[in-house]
Amino acid sequence: MTRVRALLAAGLILLSCLATPQVIPGLAGAASLPGALSDQEFWKLSTEFSEPDGYFRSDNLLSNELNYPSILAELTKTVSAGRAYMGVGPEQNFNYIAALKPEIAFIVDLRQDNLRLHMMYKALFMLARDRADFVSLLFSRRRPAGLTGQSTAEQIFAAYAAVELDEDFYRSNLQVILDELVEMHGFALTPADANHIEQIYGTFAKFGPEIRYSSSQGGGGFGGMNQPTYADLMMSDDVGGRAGSYLASEGNFRVVKDLETKNLLVPVVGNFGGPKAVRAVGRYLKDHGTVVSAFYLSNVEMYLNQQDLWNKFCGNVAALPLDERSTFIRSSRGAGFGRGVGLNLALAPMMPEVKDCQ
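In case it helps, the working numbering puts the sequence shown at residues 371 to 728.
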């Protein structure tokens, strides 16, 4: 009997050890992530984590990465759901967020206008009841009849293809966006912020769902008319025909809308190789006991190498809370997931790449 009790006790100790989660250095005793941020907390994080505005060669109002659905199945197998997402750039982040369902997301980009773009998106997500409403507001086109929560992205964008820009609707929407941000939520946008949001929103209204990466540059350069349109990006699927955009389903849309409504998608101005933004995000995540699940880099590393900033970036990433499932998402013209058209995507574990950086 004594031997049986001893074996049972040993078994219980073993089960207890197996059930104990891995402790990430620096996270022991940390507070958990909030279920929502107040407007004041959101604005404080966005402004205090930010660095000065930087220069990039284009407006970058939307991505040109048509192959992103090809990576989603592997991404969701590799990366732990929840936790924290980090990324750069415009709407492609929403696709990864919809797939990974993080508890919080930080978008860190060199350009102040990317923050302004995401503030515009924030207002639209909060205002829209569903995907069809969102597309209506984004492009200042009146909602056509017949669209429902079951409509596919193809059906939504086919319906809007026949709808012309409504100038009165555009002007009314612009005021509603600014009122939502400033009057309803108290975000301290400057006159320059409001002016740039007007320019950004005006570009989406002008070109509608046919807007491309280079539309705001007159349509030339960086691939010109060979670039995918916004509609193309939202209707893109993988080789098995599985759609992956944040507008592919109401469920995907709701993941992003919920984060935006709870102030848990935070845009920050920052250089990946800069002294403040990435490390500030890292400290916040450590303080709140979570780990970076995925970091979408686009092709920013190419520019970091050109400016001799990659080592500083590596040190910044090494300061983030990571584990063995934390994953880089990269885009390039090299090998990776994709169909050989445009930029392909690749996944890489983060820890091995930054383990020797400080």
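By construction, the Cβ of each residue, glycine as well, lies at the ideal position given by its N, Cα and C atoms.
Range of the contiguous alpha helix (DSSP H) that encloses residue i
i, result
"Arg-486", "482-497"
"Pro-561", "561-577"
"Asp-657", "647-657"
"Ala-688", "680-688"
"Phe-464", "462-470"
"Lys-627", "620-631"
"Lys-414", "409-418"
"Ala-502", "501-509"
"Asp-549", "537-549"
"Gly-531", "The residue asked about is misnamed: residue 531 is Ala in this sequence, not Gly. First-last of the alpha helix (DSSP H) with Ala-531: 523-531."
"Pro-722", "720-724"
Per-residue burial, residue i [other beta carbons within 10 Å of its own, 16 or more giving buried]
i, result
"Val-724", "buried"
"Phe-426", "exposed"
"Ser-668", "buried"
"Thr-518", "exposed"
"Asn-437", "buried"
"Val-670", "buried"
"Met-605", "buried"
"Gly-652", "buried"
"Lys-414", "exposed"
"Ser-542", "exposed"
"Gln-728", "exposed"
"Ser-696", "buried"
"Pro-645", "exposed"
Beta-bridge pairing of residue i - partner residues as DSSP gives them
i, result
"Ser-701", "Leu-715"
"Pro-637", "Ile-477"
"Thr-599", "Arg-582"
"Tyr-666", "Ile-699"
"Ala-613", "Asp-607"
Terminal residues of the beta strand (DSSP E) in which residue i lies
i, result
"Asp-607", "Asp-607 -> no beta strand (DSSP E), and no H or E assigned at all."
"Met-456", "454-457"
"Ser-440", "First-last for Ser-440: 439-448, but that is the alpha helix (DSSP H), not the beta strand (DSSP E)."
"Thr-670", "Residue 670 is actually Val in this sequence, not Thr. Careful: Val-670 lies outside any beta strand (DSSP E), inside the alpha helix (DSSP H) at 670-676."
Member of the options whose CA lies at the smallest distance from the CA of residue i
i, options, result
"Pro-637", "Phe-577, Arg-499, Cys-684, Gly-457", "Gly-457"
"Val-533", "Ala-469, Phe-574, Met-496, Gly-578", "Gly-578"
"Arg-453", "Glu-694, Thr-660, Gln-545, Ile-699", "Thr-660"
"Val-546", "Ser-584, Arg-513, Leu-507, Asp-536", "Leu-507"
"Ser-408", "Pro-439, Phe-557, Tyr-571", "Phe-557"
"Tyr-600", "Leu-551, Val-478, Glu-524", "Glu-524"
"Ala-756", "Thr-448, Pro-404, Phe-539", "Past the edges of the chain, shown from 371 to 728, lies residue 756, and the structure says nothing about it."
"Asn-463", "Ala-502, Asp-479, Val-609", "Asp-479"
"Val-552", "Met-490, Gln-569, Arg-700", "Met-490"
"Ser-428", "Thr-448, Lys-682, Gly-459", "Gly-459"
"Tyr-666", "Glu-418, Asn-465, Ala-502, Asn-484", "Asn-465"
"Leu-485", "Phe-504, Gln-520, Ser-416", "Ser-416"
"Gly-794", "Ile-441, Asp-423, Asn-430", "Since the first and last residues shown for the chain are 371 and 728, residue 794 lies out of range."
"Leu-397", "Gln-676, Ser-586, Arg-624, Asp-693", "Asp-693"
"Gly-424", "Glu-444, Ala-647, Ser-402, Glu-473", "Ala-647"
"Phe-539", "Ile-526, Ile-570, Leu-559, Ser-510", "Ser-510"
"Asn-430", "Asp-483, Ser-420, Ile-567, Ala-406", "Asp-483"
"Pro-722", "Phe-698, Ile-581, Asp-678", "Phe-698"
"Leu-690", "Leu-445, Ser-521, Phe-574, Ser-663", "Ser-663"
"Leu-559", "Asp-726, Gln-410, Leu-715", "Gln-410"
"Ala-718", "Ala-401, Ile-526, Val-449, Ala-400", "Val-449"
"Asp-729", "Ser-702, Ser-701, Gly-685", "Absent from the structure is residue 729, since the part of the chain shown begins at 371 and ends at 728."
"Glu-421", "Ala-650, Phe-412, Phe-623", "Ala-650"
At a cut of 8 Å, does the segment 602-619 reach the segment 648-665 through at least three beta carbon pairs? no
Just checking, does the segment 493-503 make contact with the segment 622-633 on the three C-beta pairs under 8 Å criterion? yes
Could you tell me whether the segment 558-573 touches the segment 635-649, using the rule of 3 or more Cβ pairs below 8 Å? no
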